Every structure is written in C-alpha cells, then in structure tokens.
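Enquirer: Add 4 to a position in the sequence shown, counting from 1, and you land on the number used in this note's numbering.
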Amino acid sequence: MSARSTACCVTPLVVGVLALLGLFATVRFSGDLGKAWAITYTAQAPGSAPYEVTYQDTKGRYPWEDTGIRRHTDPGTTGDWRREVVMADGKKARVTVTPAKGAVATCTILLDAHKTLATATSPAPGRPAVCEAAVGP
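In structure tokens, the structure reads:
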C-alpha cells in the first residue's frame, strides 16, 4: 500500500474521530446535561416564639453525582428565615414551617430568587405551612 492510499484512508478516520470528540465535548459540557436550579426558601411566623423549618436540597447536579434529596431541619428559628439551595432538575423543592402552638406560619419557594413557585399559610393556628413545587422547565 502506498503512502498516498494510506493517507487517503486515514484522513477520513481522523476527521471522524475528531468530530465524535467534538460532539462528546458539546454534550458533556453543555447546560442541558446536569441542569440545576437556584431555589430560595423563606419562612415567617409572627411573634417571638420559636418555630421549626424543614427543607430539602440536592448535593449534586450532574447525573454521575449523588442527586438524591437531602432533608435539613432548623429547630428553634425566630424571625424571618431564608435559605438558598441547589436542586437538581426534575426534583421537588419542599419546605415545611411548623409554628408554635396558636401561631400561623407562611412559606415561599422562589426560583432564581424571583419567580414564585409556591406559597402557603398554615391552615390553622399551630398547624404547619407546606410549600412544594417541581423543579424544572
């Protein structure tokens, strides 16, 4: 086989491999793979009595990371409460605010600190306010 015929066969192979690598890099590093959302939870309960806030987030954002839901509790909260977290695409954002006996609580879930995804108020004094929303497009 001559050098010219070898170059003729190798060149399309090299071009094909480079095209596949470019396609892989585009998919691997594009924003469509591993979408995550900035979520802001807020909670309020009037008065000075402490209340409890339970909320969830995800540790990772990419499919090869742990994107399982993690739950957190802030007991003994007073005043206005706010937490910014990351949620992987397709998960549910959730916050529960349990007020003191006789008090009413409110909660809100915001997407990118601006768009309201959910808001709720305690159905009765002493009962929790629960906000929940699917995260994604």
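Glycine included, every Cβ here is placed at the ideal spot set by N, Cα and C.
Being a predicted model, the structure only gives us computed values, none of them experimental.
By how many angstroms is the C-alpha of T81 removed from the C-alpha of A128?
Expert: Looking at the two C-alpha atoms, the distance is approximately 19 Å.
Enquirer: When the Cα atoms are used, what is the spatial distance from T102 to Q60?
Expert: Cα-Cα distance, rounded: 15 Å.
Enquirer: Could you give the residue range of the beta strand (DSSP E) that holds H76?
Expert: Its beta strand (DSSP E) spans residues I73 to T81.
Enquirer: Given a threshold of 16 other Cβ atoms within 10 Å of its Cβ, counted over all protein chains shown, does R98 qualify as buried or as exposed?
Expert: It counts as buried.
Enquirer: Got a sec? Which residues, its chain only, sit under 6 Å from A42 by beta carbon, not counting five neighbours each side?
Expert: Correct list, in chain order: D116.
Enquirer: When the Cα of R87 is compared with those of K95, R75 and K39, which residue comes out closest?
Expert: Ranking K95, R75 and K39 by Cα distance to R87 puts R75 first.
Enquirer: Name the two residues that bound the continuous beta strand (DSSP E) containing K96.
Expert: It spans K96 to T102 - the beta strand (DSSP E) in which K96 sits, taken as one unbroken run.
Enquirer: Does the Cβ of K95 have 16 or more other Cβ atoms within 10 Å, making it buried, or fewer, making it exposed?
Expert: Buried, since its Cβ has 16 or more Cβ neighbours within 10 Å.
Enquirer: Ignore the nearest five residues each way along the sequence and tell me which others in P54's own chain have a CB closer than 8 Å to its CB.
Expert: Once the five neighbours on either side are set aside, the close Cβ partners of P54 are P79, G80, T81, T82 and A104.
Enquirer: Relative to the C-alpha of T46, which residue among V139, G72, W85 and I73 is closest?
Expert: When each option's Cα is compared against that of T46, the closest is W85.
Enquirer: May I ask you to report which of helix, strand or coil DSSP gives Y66?
Expert: Looking at Y66 - three-state DSSP - the assignment turns out to be coil, as it is neither helix nor strand.
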